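To start, the structure itself, in structure tokens.
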Amino acid sequence: MSLSIVKSALPNGVVEIAPRGEIDVDTAYEVREAIAGVLAKSRPSRIELNMRLVSFIDSVGISAMVAGFQTAEVSGVKLVVTEPSRFVHRQLWVTGLLGLFGAPEPYYSGAGTASEAPVPGV
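Counting with our numbering, you get residues 258 to 379 for the letters of the sequence shown.
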């Protein structure tokens with residue numbers, strides 16, 4: 258599977274970068290380049306890396322996210338992860354990096370329905 262990335266301007270100077278697909282050794286550079294590209298053109302108040310549509314991420318992809326975080330931080334811009342897929346959330350948790358990216362809750366496609374909503378305390 259390939260990777261596509263959509264960049265959007267949100268209110269209050271926030272830029273959203275939304276990758277879709279797999280972030281791995283072959284595609285991780287695209288995430289780094291997307292973050293660097295946003296920072297080269299402007300200084301948003303925040304960059305939100307929306308990971309809802311990322312089905313897989315490997316260690317090279319995680320490394321690209323950390324590099325993007327560091328690049329943004331040097332530029333004085335906060336980078337956070339929003340709506341991580343369950344797989345991405347798990348990878349960030351296992352690597353101890355969930356807090357670095359704002360400790361987002363995992364995205365549940367049916368969070369509004371009782372049958373798919375997470376059960377507290379389970």
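Don't be surprised by glycine CBs; every beta carbon is placed ideally from N, CA and C.
Since this is a predicted model, take the numbers as computed values, not measurements.
>> Using a Cβ-Cβ cutoff of less than 6 Å, which residues in the same chain neighbour residue 284 once the five nearest sequence positions on both sides are dropped?
In response: 260
> By DSSP, does residue 294 sit in helix, in strand, or in coil?
Replying inline: helix
> Three-state secondary structure (DSSP) at residue 313?
Replying inline: In the structure shown, residue 313 sits in a strand (DSSP, three-state: E or B).
> Under 8 Å, do residue 277 and residue 306 count as touching if we go by C-beta distance?
Replying inline: no
>> Looking only at its chain, what residues have a beta carbon closer than 7 Å to the beta carbon of residue 289, apart from the 5 residues adjacent to it on each side?
In response: 321, 324 and 325
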